[in-house]
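Participant: Chains as they are written, first to last, in the numbering used here: chain A, 3 to 409; chain B, 3 to 409. Below: one structure in structure tokens.
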């Protein structure tokens, strides 16, 4: 197959075939997983494991697939930001913030402790802890929306908390990456953290207003699809800015999306154009993740045991900590919130990839984090369905006694 | 600036910055050109010349920009195909075919002759001739639509002929590429040509019907945005297939688009999702074209003279040959058709790039072809406006005495 991939007469035929194989595999597995009522994301990662060097060895990660994957994850985070109106978060703000903070501290400490006990270095332990922090807004939103409960108070708390989680997780990543980059320099570290926090605060507080004011001007430009193009440019621009500040490019992309969230609310074209880009590039990101997994690391029983333990800790810490933070809503709703926060998905994996790229974590820990991210994503949906299905409904609508919803 | 590009802490920060600079430059120049009522395409190519090694040297073509550009041109040709319903061409079929054939032979022979007289090798002459063949459907369609005359008989003839031109041009490219690839082997050449023709005929005759029949099935798939995803997969799949047959990937992409043209007619979402991909990747293709131009080749007066001569021949041969083929419509309409066929745009440039990639043509000829492609694109629109504006109108609509339009 490698020979097959390398042939073809036109220049670049090999990489076109690789892209084609990656997309076909991703979409076949996505279709299969959706039919089994499992998240497509998990199927697409598995597609990468299958066609990658671990199993079939049809396609291997190259500099090009890595670059396309990075562009893919940047636009993925942009679209997640695009669905994150600051105002929606502010509405369930206090409770969501509490859930988010509990849900960041517990997994980080849990993961870090387990790794230290296991004998890992401090920086490895911190990377694994960081990878366990962020709840996947994308997966959670998709599961809640497929159950038709997006308007429930608990769903709003989950999404709000997941977003705050993402921001906190990415900030922790900024700090940890800085720690990993060289000798610990607390002054630099403080500067980076301060820069990251001010950058986040500045863009999330000012961004939406600036974009709203500029929207008529942008739409009057002569250049075609100017609103979408402006979104692309801000997304890339803030991603680059983020890297210069010393934080991950995806933070910039996420903030750019959030800045466009309100202005693009009544613009379905913008969302469809973004979905065109993400439907093409995100599967490449997910397949590329799977392709980087070396299944042989699991021949070592210790690695398997660690993966299971980390997954267990990842589920229990989020479930208990977030559930506790939402205890005032009653045990069932607390359970919904806790379980809704369990899926880790893309951000955890990005953390693992950055760790792998910096050579801070090795193939074994990358495999462990990948198992944790995929397993938490697969575990949560069926329980969420149970927790929401058993709730009383009136006229097919959830009864919402807490009354935090506004419609 | 090179140092600046290489810094940034996160992996890949350099290429993100390069993409950002390319997109910003492209869109600024596009905006400027649109305001000057010039085609945005020319502005985006010029943006590449400006930021490229020839002038500012901010960004240089790399393997990654080349790959992204190739994906971009593939999706560009897919969207051109998407707007090419086989039925529309069949309606003005005979006249359009005549215009197309005249408009292929004259520039090819003209270009080839001039190059031979100039002292170029046979294969160089053929590459330049091939680059002069194909009329740019994209640019022509955009100019005609901005004048509101897309429904005029002449506009339909122009578009139909431009499409046939593209197909003929790409077939000639297949043959010439094969000639260039090694010693002339007429058996292989015949096989390639036969394969290319059958591939084109097969997909354009059967493709639309197959896709139309499969559309309900595709839309019932569980995978999200399944119709768009199917389009992506066919586009990449036929591009890869084309390279294995021995023709350019863009032929496959164009045919894939044509197969989806009818089925996607009433699906604005599909078009918007494709526009998301092309708005991101086509500027990278165009900027990358400009970045590959070495302006210093024009220090040689002979190169400047050749560029001017080739441009002159490119304009005159298309204008006269296509005008003659449309003479029965009266001189003004014949002029509209002739002038409408002049812009070369993307396909000519792709031919030049393939020639450069195969080392069949050198920097000098690449520059000459680029000047020809951009100049013909800039020359035609003002004359077209004159030729259509002076035509009699009734109630603001063109009088169309030929009666070939159906609405």
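Positions of the beta carbon are idealized from the N, C-alpha and C atoms, including for glycine.
Under a three-way DSSP split, which group does residue 193 of chain A fall into?
Facilitator: If DSSP states are grouped into helix, strand and coil, residue 193 of chain A belongs with the helices.
Participant: Output needed for residue 55 of chain B: all residues of its chain with C-beta closer than 6 Å, excluding positions within five of it in sequence on either side, in chain order.
Facilitator: If we look at residue 55 of chain B and ignore the five residues flanking it on each side, its Cβ neighbours are 62.
Participant: Can you give me the Cβ contacts of residue 363 of chain A inside the same chain, cut-off strictly under 6 Å, excluding the 5 residues immediately before and after it?
Facilitator: Correct list, in chain order: 126, 129, 357.
Participant: Who are the neighbours of residue 29 of chain A on chain B, taking C-beta pairs under 8 Å?
Facilitator: Near residue 29 of chain A (Cβ distances below 8 Å), the residues of chain B are 225, 231, 235.
Participant: Taking residue 42 of chain A as the query, report the chain B residues whose CB atoms sit under 9 Å from its CB, ordered along the chain.
Facilitator: 224, 225, 226, listed in chain order.
Participant: Does residue 64 of chain B get closer than 7 Å to chain A when you measure Cβ to Cβ?
Facilitator: So, not an interface residue.
Participant: If you draw a straight line from the C-alpha of residue 369 of chain B to the C-alpha of residue 159 of chain B, how long is it?
Facilitator: Computed Cα separation, rounded: 31 Å.
Participant: For a cutoff of 7 Å on Cβ pairs, would you count residue 267 of chain B as touching chain A?
Facilitator: By this cut-off, residue 267 of chain B is not an interface position.
Participant: Report the neighbours of residue 281 of chain B on chain A: residues whose CB is nearer than 8 Å to its CB, in chain order.
Facilitator: Residues of chain A passing the Cβ test: 226, 227, 230, 231, 234, 275.
Participant: Does DSSP classify residue 386 of chain A as helix, strand or coil?
Facilitator: DSSP places residue 386 of chain A in helix when its eight states are reduced to three.
Participant: Put residue 55 of chain A into one of helix, strand or coil per three-state DSSP.
Facilitator: Residue 55 of chain A falls in the coil class under three-state DSSP.
Participant: Alpha carbon to alpha carbon, how far is residue 139 of chain A from residue 360 of chain A? Give it in angstroms, no decimals.
Facilitator: So the two alpha carbons sit approximately 26 Å from each other.
Participant: Output, in chain order, the set of chain A residues within a Cβ distance shorter than 8 Å of residue 278 of chain B.
Facilitator: Within 8 Å Cβ-Cβ: 230, 274, 275, 276, 277, 278, 279.
Participant: Less than 7 Å between C-beta atoms, sequence neighbours within five positions excluded: which residues of the same chain meet that for residue 290 of chain B?
Facilitator: Here the set comprises 50, 63, 67, 68, 71.
Participant: Residue 249 of chain A by DSSP, collapsed to three states: which one?
Facilitator: Coil, per DSSP.
Participant: Measuring straight from C-alpha to C-alpha, what distance separates residue 382 of chain B and residue 342 of chain B?
Facilitator: Cα to Cα, residue 382 of chain B sits roughly 7 Å from residue 342 of chain B.
Participant: Is residue 352 of chain B close to chain A? Criterion is C-beta to C-beta, closer than 7 Å.
Facilitator: It does not; no Cβ of chain A falls within 7 Å.
Participant: Taking residue 258 of chain B as the reference, give the member of B/104, B/145, B/207, B/47 with the closest Cα.
Facilitator: Ranking B/104, B/145, B/207, B/47 by Cα distance to residue 258 of chain B puts B/207 first.
Participant: Quick check on the burial criterion: 16 or more other C-beta atoms within 10 angstroms. Buried or exposed for residue 150 of chain A?
Facilitator: Exposed is the call here.
Participant: Please classify residue 269 of chain A: does DSSP put it in a helix, a strand, or coil?
Facilitator: In the structure shown, residue 269 of chain A sits in coil (DSSP, three-state: anything other than H, G, I, E or B).
Participant: Indicate whether residue 325 of chain B and residue 340 of chain B have their beta-carbon atoms separated by less than 7 Å.
Facilitator: Yes, the Cβ-Cβ distance between residue 325 of chain B and residue 340 of chain B is below 7 Å.
Participant: Can you pull out the residues from the stretch 238-253 of chain A whose beta carbon lies closer than 7 Å to at least one beta carbon of chain B?
Facilitator: Result list: 238, 239, 241, 242, 245, 246, 248, 250, 251.
Participant: What whole-angstrom Cβ distance do residue 261 of chain A and residue 225 of chain A have, given they're in contact under 8 Å?
Facilitator: Actually they are not in contact, since the Cβ atoms of residue 261 of chain A and residue 225 of chain A sit about 20 Å apart, beyond 8 Å.
Participant: Identify each residue in the stretch 65-76 of chain A for which the Cβ-Cβ distance to at least one residue of chain B is less than 9 Å, and report them in chain order.
Facilitator: Listed by position along the chain: 65, 66, 68, 69, 70, 72, 73, 76.
Participant: Just the Cα atoms here: how many angstroms apart are residue 154 of chain B and residue 268 of chain B?
Facilitator: Cα to Cα, the separation comes out at about 22 Å.
Participant: Helix, strand or coil for residue 122 of chain B per DSSP?
Facilitator: DSSP places residue 122 of chain B in coil when its eight states are reduced to three.
Participant: Hey, is the stretch 314-328 of chain B in contact with the stretch 103-121 of chain B, meaning 3+ C-beta pairs nearer than 8 Å?
Facilitator: They touch, by the three-pair rule.
Participant: Are the stretch 281-298 of chain B and the stretch 231-247 of chain B touching by the rule of at least three beta carbon pairs closer than 8 Å?
Facilitator: Contact between the stretch 281-298 of chain B and the stretch 231-247 of chain B is absent, because fewer than three Cβ pairs lie under 8 Å.
Participant: Say whether the stretch 303-322 of chain B touches the stretch 303-318 of chain A, bearing in mind that this needs 3 or more beta-carbon pairs closer than 8 Å, one atom from each stretch.
Facilitator: No: fewer than three Cβ pairs fall under 8 Å.
Participant: Shortest alpha-carbon distance to residue 163 of chain A belongs to which of A/118, A/87, A/177, A/229?
Facilitator: Ranking A/118, A/87, A/177, A/229 by Cα distance to residue 163 of chain A puts A/87 first.
Participant: When DSSP labels each residue in this structure, what does residue 89 of chain A get in the three-state scheme?
Facilitator: In this structure, residue 89 of chain A counts as helix in the three-state DSSP scheme.
Participant: Could you round the C-beta distance between residue 272 of chain B and residue 229 of chain B to whole angstroms and report it? I think they count as a contact, below 8 Å.
Facilitator: Sure, about 6 Å apart at Cβ, within 8 Å.
Participant: Between the stretch 337-371 of chain B and chain A, which residues of the former have CB atoms less than 7 Å from a CB of the latter, in chain order?
Facilitator: Cβ contacts with chain A: 359.
Participant: Go ahead and pull the three-state DSSP assignment for residue 158 of chain B.
Facilitator: Helix.
Participant: May I have the straight-line CA-CA distance separating residue 134 of chain B from residue 256 of chain B, to the nearest angstrom?
Facilitator: Those two C-alpha atoms are separated by around 19 Å.
Participant: Are the CB atoms of residue 47 of chain A and residue 284 of chain A nearer to each other than 7 Å?
Facilitator: Cβ distance not < 7 Å, so residue 47 of chain A and residue 284 of chain A don't count as in contact.
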